[in-house]
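First up is the structure itself, then whatever we jot down about it.
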Amino acid sequence: MSEQRDGNTAHAAGDLAAELRRLLRLAESRSGAPVKVNALAKKLHVSPSSLYAYLDGSTLPSHTVLDQLLFELQVTDEERRQVAARHEAVEDARRTRRKRGTARSTPAAAPVVSPFQLPPDVRGFTGRCEQLAALDALLADREESTAAAVAVVCGTPGVGKTALVVHWAHKVRGQFPDGLLYVDLRGFDPQQPLDPAEVLGSFLRALSVAGDTIPRDLAERATLFRSQLDRRRILVILDNAASEEQVRHLLPNSSSCLTVVTSRNNLTGLVAREGALRIPVGSLPLRDAVVLLRALLGAERVDADRQGAAALAERCARLPLAIRIGADLAFTRRRAQLTELAAELHRYHLDLFNAGGDERTAIRTVFSWSYLHLRDDRARAFRLLGLHPGHDVDGHACAAIFGVDLGEAALRLDDLVRANLLEEAGHRRYRMHDLLRAYAREQITDREELTEGLRRMFDHYMCVAAAAMDILAPYDRYHRLTSEEYEEPDTPLPLLSDAEAALEWLDAERHNLLTLAEFAAQHGATNRVVQLSGLLARYLDTRGYYADAMALHTLALGVAQSSGNPLLEGLERYRIGTVHMRLGHHVKAHENLLRALTVAQQTGDRVLESRTLNFLGLVSLRLGDNHGALAHLMDALPIAAETGNRYLEGHVLANTGFVHRQLGHDEEAITAHRRALVVARQVDRELEAHVLNSLGLCHQRLGEPAEALSCHRRALAIATGSGNRGLEADTLKSIGNVQLSMSRCEDALEYLSRALTIAIGIGQRDIEGYARRALGQLHARSRRPSEAMTHLDKAVRIARDTGNRDLEVEALNGCGEALSDTRPQLAADHHELALEIAQQAGNPWQQACSHDGAAHAYDLSGRPDEAHEHRSRAKAIYSVLGR
């Protein structure tokens, strides 16, 4: 008989596996490609070996895994029902075998009553595949274990812990034929939490134990409870537990049972002593949060406003409880757009999350149950963290905000993490979702606590940021924060031992620093906004964070205009102008820099005047006014020397040399660069790299590729080490050009491709354009005209979009070179247009290149007279240039 029963189970499992294999083949035929087992297993949150075991019938998949598998295979509803029936048949066969085995080993009759105390499943449950898989795995492991299985499902208030566990319990109820016990322990309820003895009495009565036989003593009740559960397959759910002590007496000790505890605390003691599996639950991923909204509001409304649905989910912090309240609000306002509701939730924040007056599900009430259980110093820490506007915060900033040392701050933070009022976001970094942050901020009723917390927070970030910038750019302190403008915190600061550590801290805190500026503007701390703008300007520029820089400087400009301080407005105009230049907005850059120059001259700020003239020179060069560019730089140079700002003087000298090169003044260019290099080596490594890169261009123009490569490679090493992304891209582009001039096409392709990738990534359109021009030239010389024109056409479009006349000339000449063999007349037209622009800009080198290219194109077009004329003019210009 035993063999027959085993045979029945194996037969049922074989039928299920065969059906799964058939559906897998059907999915492959529909898609026209084989199903990748590794990718499919990853989606199911199982190992590939487990998936193979399901398909050969040696392992039975859990309900959760099976549902996900059928979803991925896109089966029909009828096929889903057939598979479910086969799955149930295997489970029935296994349950029958287990019961008969138990009957043979246990002479006593099994209890008749099978309690089912599970609350209803929640509507629209979605996501949580990882947590469901963990519970499934614990259930499967129980079959092989002699120890009682316990899971602790923990997470922040409103995150959906109970919904998760109840949903899972409904799916696996068939595996617990002897019953399901459930209790809400009310661990964080404003009422008295349930006493374990009271819970045990209720459980024993549900198991048909006569009331007069239930002992009064807690330990004796626990012993009787465990005896009743011995060898019975029962699921015990202990919901909303406050502490380990509240649940310890309620845990079965039989491996046939499984216990799931939910709590806002991590219940570390259960993990350590009882070997419980901790299953953390966080906010829903955005996709799942929108799916939940779709289930609650209907597909038509959500699909019609996907952006609004996403915004609404984010305003609800992707917390299931808040999403359900938000959906209820949307349901009552059927004509309102979801985008409007999201904006309203942002405006009124917690006020609309009242769940129709139901205090037990209103967000504030739910949060308060956890907050009121905190010790006073922990409650104060929670409140103060609500002041922090950023996405996450590190331990040093927390210590500063609390006004304590690092050790004490760590203790408070750890307690808040255990209470799930705070999440760990990395090593000693923490985050709090928006709704909790709003609730925490509401709890600050002491004005002094608010003021002091904000002051300590701002001073901490400004002090560390200033220290970081002093390490990275010690000679560029003009307009940066000074120690008189903030109070040195008496709490520990992170150790910034070198440039790498300083850059690492700035990168980690960039979002916080920018959010801090917005927060300061909203709360009237306008001086902090301007200070942060000056403090971060160079960092944001060199790292290529141009969008962030534009947002910060524009915010500071508004503050400066409101203050009526013309010098502050001039400074912000200058900063905005430099960002526009980096982004290739040369006309806007020119406008802002001219306004900054006017302010500098009116206020007598000579450093600002020189800096602005310096960048006006670069912008004028891009706009095709080479002589105007040189005039600006020649005006800037004596002012920079007069101020004693060596960094600025070196920068102006380097740019002066660059413009001289464009004008064909080789001797003046080399002299200016060598003077700049002396200064740069005294004051700033990044400036040294800038000068070396520009000096390499001079050597390249003079036909000295080895010297050019030496300069560019030294510049690249400095740029890469300092993290200056724009300079790195520019230097890579320069090396690629030298390699191309030496016919090292593979090396050129590598360097130019790297330059293009970085330029696109940071939004440096000028460098992108020059890199595409060089790549077009490379492909043209390699007889790949289609690839060449793809890059060159984009380079021309970038030049015209940005107003970069110098790039336009180079790109048009590149187009002429690429087209000369196949469409010589069109090539000649491109060279003629390039010549016209080069003449307007006063760029003799590009004029000569245009004449030379036109001569070659006219030769191929059968127009020797025009070819001769252009060749003669090219020779004349080259002669003047000493070529």
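Just so we're aligned: the sequence shown equals residues 71 to 953 in the working numbering. Even for Gly, the Cβ is constructed at its ideal location relative to N, Cα and C.
Which one or two residues does DSSP pair with residue i in a beta bridge?
{"i": "Arg501", "result": "Glu493"}
{"i": "Leu347", "result": "Ala221"}
{"i": "Tyr821", "result": "BP columns for Tyr821 are empty, so no partner."}
{"i": "Tyr252", "result": "Ile307"}
{"i": "Ser333", "result": "Cys224, Ala311"}
{"i": "Val463", "result": "Tyr500"}
{"i": "Phe472", "result": "Paired residue(s): none; Phe472 is not in a bridge."}
{"i": "Leu328", "result": "Ala219, Leu305"}
{"i": "Phe186", "result": "Leu250"}
Closer than 8 Å by C-beta to residue i: which residues in its own chain qualify, once you throw out the five before and the five after it? Chain order, please.
{"i": "Asp259", "result": "Asn310, Trp439"}
{"i": "Val153", "result": "Leu86, Glu89, Leu90, Leu93, Leu136, Leu140, Val145"}
{"i": "Ser942", "result": "none"}
{"i": "Leu819", "result": "Gly806, Leu845, Leu848"}
{"i": "Gly84", "result": "Gly127"}
{"i": "Pro636", "result": "Val669, Gln672, Thr673"}
{"i": "Glu478", "result": "Ala469, Phe472"}
Once the 5 residues before and after residue i are set aside, which same chain residues still bring their CB inside 7 Å of it?
{"i": "Arg526", "result": "Ala470, Ile471, Gly473, Pro559"}
{"i": "Ala480", "result": "Gly465"}
{"i": "Ser175", "result": "Interpretation of Ser175 is limited by its pLDDT of 44, a score under 50 that renders its predicted location unreliable; the figure taken from the coordinates is listed afterwards. So no residue of the chain qualifies."}
{"i": "Leu121", "result": "Val107, Leu110, Ala111, Leu114"}
{"i": "Tyr948", "result": "Ala918"}
{"i": "Phe273", "result": "Leu251, Phe295"}
{"i": "Thr172", "result": "In this prediction, Thr172 has a pLDDT of 46, which is less than 50 and means its spatial position is unreliable; what the coordinates show is noted afterwards. Contacts found: Arg301."}
{"i": "Cys533", "result": "Tyr556, Glu558, Pro559, Leu563"}
{"i": "Glu639", "result": "Leu627, Ala630, Gln631, Val669"}
{"i": "Met651", "result": "Ala659, Phe685, Leu688, Val689"}
Are the beta-carbon atoms of residue i and residue j separated by less than 8 Å?
{"i": "Gly368", "j": "Gln407", "result": "no"}
{"i": "Ala15", "j": "Leu208", "result": "Residue 15 falls outside the range modelled here, since the chain spans only 71 to 953, and no answer is possible."}
{"i": "Glu878", "j": "Val866", "result": "yes"}
{"i": "Gln44", "j": "Leu251", "result": "Since the first residue shown for the chain is 71 and the last is 953, residue 44 is missing from the structure and cannot be characterised."}
{"i": "Leu308", "j": "Thr293", "result": "no"}
{"i": "Trp957", "j": "Leu882", "result": "No answer is possible for residue 957: it lies beyond the span of the chain, which begins at 71 and ends at 953."}
{"i": "His157", "j": "Val242", "result": "no"}
{"i": "Arg742", "j": "Leu723", "result": "In the sequence as presented, Arg is not what sits at residue 742; that position holds Ala. Yes, Cβ-Cβ distance for Ala742 and Leu723 is below 8 Å."}
{"i": "Glu838", "j": "Leu826", "result": "yes"}
{"i": "Leu110", "j": "Glu148", "result": "no"}
{"i": "Arg580", "j": "Asp540", "result": "no"}
{"i": "Val192", "j": "Val253", "result": "no"}
{"i": "Leu576", "j": "Ala538", "result": "yes"}
{"i": "Asn335", "j": "Ala204", "result": "no"}
{"i": "Ala11", "j": "Gly727", "result": "Since the displayed the chain opens at 71 and closes at 953, residue 11 lies outside it and no answer follows."}
{"i": "Tyr616", "j": "Val649", "result": "yes"}
{"i": "Arg511", "j": "Gly594", "result": "no"}
{"i": "Cys768", "j": "Arg731", "result": "yes"}
{"i": "Thr561", "j": "Asp358", "result": "no"}
{"i": "Ala508", "j": "Arg501", "result": "no"}
{"i": "His656", "j": "Asn913", "result": "no"}
{"i": "Glu161", "j": "Gly249", "result": "no"}
{"i": "Asp955", "j": "Arg692", "result": "With the chain running from 71 to 953 in the structure shown, residue 955 is simply not present."}
Enumerate in chain order the residues of its own chain whose CB-to-CB distance from residue i is below 6 Å, with the five nearest sequence positions on each side excluded.
{"i": "Asp929", "result": "Ala937"}
{"i": "Leu683", "result": "His702, Asp705, Ala706"}
{"i": "Ala897", "result": "Gly886, Leu889, Ser890, Ala927"}
{"i": "Gly347", "result": "According to the sequence as given, residue 347 is Leu; it is not Gly. Taken in chain order, the residues that qualify are Leu208, Ala221."}
{"i": "Gln770", "result": "Ala778, Val808"}
Only counting runs of 4 or more residues, tell me where the alpha helix (DSSP H) segments fall wholly within the region 530-617, in order along the chain. 569-592, 596-612
Could you pull out every unbroken alpha helix (DSSP H) segment of at least 4 residues lying fully inside the region 747-779, listed in chain order? 755-771
So does the region 339-346 actually touch the region 354-374, counting three or more Cβ pairs closer than 8 Å? With the rule of 3 Cβ pairs closer than 8 Å, the region 339-346 does not count as touching the region 354-374.
Take every Cβ of the region 641-655, pair it with every Cβ of the region 616-624, and state whether three or more of those distances are shorter than 8 Å. yes
Are there three or more Cβ pairs, one per stretch, closer than 8 Å when the region 783-802 is compared with the region 810-819? no
Sufficient close CB pairs (3 or more, under 8 Å) joining the region 348-357 to the region 387-397: yes
Alpha helix (DSSP H) runs contained entirely in the region 650-722, provided each spans 4 or more residues: Runs of the alpha helix (DSSP H) inside the region 650-722: 656-673, 676-692, 696-713.
Any contact between the region 313-331 and the region 293-305? By contact I mean 3 or more CB pairs, one from each, below 8 Å. yes
Do the region 787-794 and the region 743-760 meet, that is, are 3 or more Cβ pairs less than 8 Å apart? yes
Every unbroken alpha helix (DSSP H) inside the region 341-401 [4 residues or more]: 356-367, 369-374, 376-385
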